């Protein structure tokens, strides 16, 4: 229909069986592979090159190009594929000596899919392992034929061979480089060259690829029309249709050769069937309720010449890629709308819907910029064209672009503030820690899994700031401290609008070459990363941050700002340097001192100690930090400042100092540590021996109210041979002495603990018996303190207990005894009894209980008598007004006054006020007869002393 000898595009996206077209955009990769061909052909060696690219990025196309090129250079070419099915083999029988041969190994994607799904777990797949092993074996054989005579036969004819293996990153990096590094590794293996296909496929390259395909498969009639200018080389397609297909692939995240060419194959087929672009767009899920033509023009997002009601007028500029000044103007316009324009790499400029597109015309690259305003680039103005208006573009997703433009403008304005810009850099790096103020900016300190990191964000506003920053960085890198916070790793990020990056770099470079923390043998650059964005790079940084913010806003996986990867890479390299100074103490169940002592002994003997490979370097650095002596606390502080102690395992600053002592490089004298000197080591050894001697006798004292308990015991510690001729002999003697001291202390503490227990038992008995004697001192003559034992203490405590019981009984009864006039004297009796060796206190207590019972009865009678006397006196006082405490005189006075019997007055008075008077009871108590009682009651009634109603 369109005058083609074959379909230009394969529906599956793979290359044609009979290939007429040439690959586009592989110039760089082909040059690298040509070098591998040249090395094999001109020399006598065999080489291996690896082509790396993801699925659908043209590995097979590149091999096709290389195959044609190699055949033209006189190479025999053999091509095979890797697959889990079938046998992998390379046809080698026809190889002749000195005849160059190219072996092409094209990976079948199924291997990569298995690797991607299972990662290293794929090694459990027998077929997979077998295939990998066979590939590795064949490649080894071809590279080193002398070692594989059994497989190849005569090795002399297997020269001038180039092997090119096309692999996906999943298979190459994840599996082959790890499993067979002796073959698939650029540094340590047999790979001569890695050729990584550039996985960028800009719009201009896509257009050229389509054009090349159409030309390659054109019939003669079509070619004549094109040459005569009667037919567009893109026919049956238009530029707008290619832009729409590219836009579609971009939305799907599939801007790669294979998916794009599959879309073109589908569009080609649809057009043959009489359909149009809109049919493909709707098939792919883009199905707004608008006319097909409107959908096509709106989604193509490039300007057209014909004005339509739903299109708006715009300016179109055709700017050559080599005019950087004009492109800078275009770039400013695009950045304000959320897009970017790389002025250096043509592969990074492609297509942004409604904003720009790129084309290769007569071998020269052009950027077609779409603008709503004049930009002062009249020499490149194509003219006015027409593009979908906002309300139409929104129907196919352009509202996102408008939002991005607004966000970009707002964010760009914010980044005009240097502090805001540095804060965005901090966010992009993902730093989270303690914020500290430093010269010309700020720092963020964080403890990242034991690694103490500081990120310095600095801004230079004038030349004077550069001097201040240089001085501040000089102090920080020399001390390893930022505002009191120790750092193991440092990242320095400097921004300036007034100074060029090179100027700043020249000022800072000497610092990066200085020794880290003054005493390390390594430069600062090993432990610090430096990122500088001067006036020449400031806008680039600003644009990267804007793009990063837009990616986050859209929640899309965009490439982070370039400095992020640079800082991460620098940090990892610095971490490798830092880890060289990590230490660990392997001790199992051993005590720390014993483990350190053994480690010191092994280090002195020149042995490798697990976990202490870096010890000698650490010790050497520490010895540089002072001249002759240093306070021990200060040295421990130096250790914590210089080295990544948080990464050390079971080893702290104290332990490093102890190791230095045990190795004899440091000699303690009081609180200071001295570098090894023959004149002071003997005095320190003598001091250690003195400490040992002091531990030969263990003495324990416990004070009690009855005196001090003293116990002592000698310990056999043996003798120590002393030899102090040089540092090593001193260190050996010292370790023996310290080990002996350690053992002596353990023995001493054990014996001391035993003696303390024994002394405490004796002291406990003395305290008990002291408590007895405090109360009953007369028992002292019956106690021999030297022979005091539990039995004596129990006996005396029991006597004391019984004596206290007697004393308590008497204390409760003494007032009654005194009241009734008893002559018992318990205190005297108890004192006499306690003078006896075995006092009969039980019998005395029993007798005392009987006597107390009698006293209680008498006391009760006495109390009752006193009560009735008081009642009687109260009655006489109330009836007759007689004030006296003598009942006898009171009753006599009343009897005399009234002429009544004294006895009757007493009996009635004792009954008290209001008592019922029974004549018979009164007669009985007084011994009077009834008539006499009644007669005298009448007298009392008349005297007002009793009332009739009281008389029964």
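Residue numbers (my numbering): 642 to 1593. Cβ atoms here follow ideal geometry from the backbone N, Cα and C, with glycine treated the same way. Treat the numbers as computed from the prediction; the structure is a model and nothing was measured.
Pick from the options that is closest to residue i, judged by C-alpha positions
i, options, result
"residue 798", "788, 737 and 817", "737"
"residue 1494", "1337, 1457 and 1524", "1457"
"residue 781", "687, 1013, 1524 and 1346", "687"
"residue 1272", "1256, 1249 and 1298", "1298"
"residue 911", "970, 924, 899 and 900", "924"
"residue 909", "854, 1442 and 1407", "854"
"residue 817", "1238, 936 and 691", "691"
"residue 1220", "1301, 938, 1429 and 1284", "1284"
"residue 704", "665, 680, 685 and 684", "665"
"residue 1010", "1215, 976 and 1178", "976"
"residue 1014", "960, 1392 and 955", "955"
"residue 1025", "718, 1095 and 953", "953"
"residue 1445", "1147, 1468, 1462 and 1357", "1468"
"residue 873", "851, 1434 and 887", "851"
"residue 1542", "1580, 1558 and 1380", "1580"
"residue 861", "678, 1313, 646 and 1201", "646"
"residue 1202", "1222, 1218 and 1179", "1179"
"residue 1089", "1288, 1035, 1544 and 893", "1288"
N-terminal and C-terminal residue of the alpha helix (DSSP H) that residue i is part of
i, result
"residue 1319", "1319-1334"
"residue 1449", "1431-1461"
"residue 988", "Taken as a continuous stretch (DSSP letters only), residue 988 belongs to no alpha helix (DSSP H), as it is neither H nor E."
"residue 1211", "1203-1220"
"residue 845", "844-857"
Environment of residue i [buried if 16+ CB atoms lie within 10 Å]
i, result
"residue 950", "exposed"
"residue 831", "buried"
"residue 1071", "exposed"
"residue 808", "buried"
"residue 801", "buried"
"residue 991", "buried"
"residue 1124", "exposed"
"residue 1596", "For residue 1596 there is no data in the structure shown, the boundaries of the chain being 642 and 1593."
"residue 1348", "exposed"
"residue 811", "buried"
"residue 761", "Its pLDDT being 47, under 50, residue 761 is placed unreliably in this model, and the value from its coordinates should be taken loosely. Flag for residue 761 reads exposed."
"residue 1190", "buried"
"residue 1451", "buried"
"residue 1121", "buried"
"residue 1003", "exposed"
"residue 1447", "buried"
"residue 1215", "buried"
"residue 594", "The structure shown does not extend to residue 594, since the chain is modelled only from 642 to 1593, so the question has no answer here."
"residue 1376", "buried"
Cβ-Cβ separation, residue j to residue i (assumed contact under 8 Å), whole Å
i, j, result
"residue 1157", "residue 1111", "Their Cβ separation, rounded to whole angstroms, is 17 Å, which puts residue 1157 and residue 1111 out of contact at 8 Å."
"residue 905", "residue 667", "Wrong, their Cβ atoms sit about 19 Å apart, outside the cutoff."
"residue 1022", "residue 958", "6 Å"
"residue 1165", "residue 1153", "5 Å"
"residue 840", "residue 694", "6 Å"
"residue 1336", "residue 1385", "4 Å"
"residue 1168", "residue 1131", "6 Å"
"residue 883", "residue 940", "Actually they do not touch by this definition, with Cβ atoms about 12 Å apart."
"residue 1225", "residue 1290", "4 Å"
"residue 1126", "residue 1077", "7 Å"
First through last residue of the beta strand (DSSP E) which encompasses residue i
i, result
"residue 1355", "1348-1355"
"residue 1024", "1022-1029"
"residue 1314", "1313-1316"
"residue 1134", "1130-1137"
"residue 837", "832-837"
"residue 1521", "Unbroken run through residue 1521 is the alpha helix (DSSP H), 1482-1521; no beta strand (DSSP E)."
"residue 972", "Where residue 972 is concerned, there is no enclosing beta strand (DSSP E), although the alpha helix (DSSP H) it sits in stretches over 965-976."
"residue 898", "Residue 898 -> not in any beta strand (DSSP E); alpha helix (DSSP H) instead, spanning 898-913."
"residue 1272", "1270-1272"
Do the stretch 1514-1531 and the stretch 1481-1500 touch if we need at least three Cβ pairs shorter than 8 Å?
Touching, no, given that fewer than three Cβ pairs across the two stretches are closer than 8 Å.
With three or more C-beta pairs closer than 8 Å as the rule, is the stretch 1538-1557 touching the stretch 1567-1584?
The count of Cβ pairs closer than 8 Å, one atom from the stretch 1567-1584 and one from the stretch 1538-1557, reaches three, so the stretches are in contact.
Using a Cβ distance threshold of 8 Å, determine whether the stretch 1087-1102 contacts the stretch 1057-1065, with at least three qualifying pairs required.
Contact between the stretch 1087-1102 and the stretch 1057-1065 is present, because at least three Cβ pairs lie under 8 Å.
Measuring CB atoms only, is the stretch 861-869 touching the stretch 709-724, in the sense that at least three cross pairs come out at less than 8 Å?
Of all C-beta pairs linking the stretch 861-869 to the stretch 709-724, fewer than three are shorter than 8 Å, placing the two stretches out of contact.
Any contact of the stretch 1254-1274 with the stretch 1320-1337, i.e. 3+ C-beta pairs under 8 Å?
No, because fewer than three Cβ pairs between the stretch 1254-1274 and the stretch 1320-1337 fall closer than 8 Å, the two stretches do not touch.
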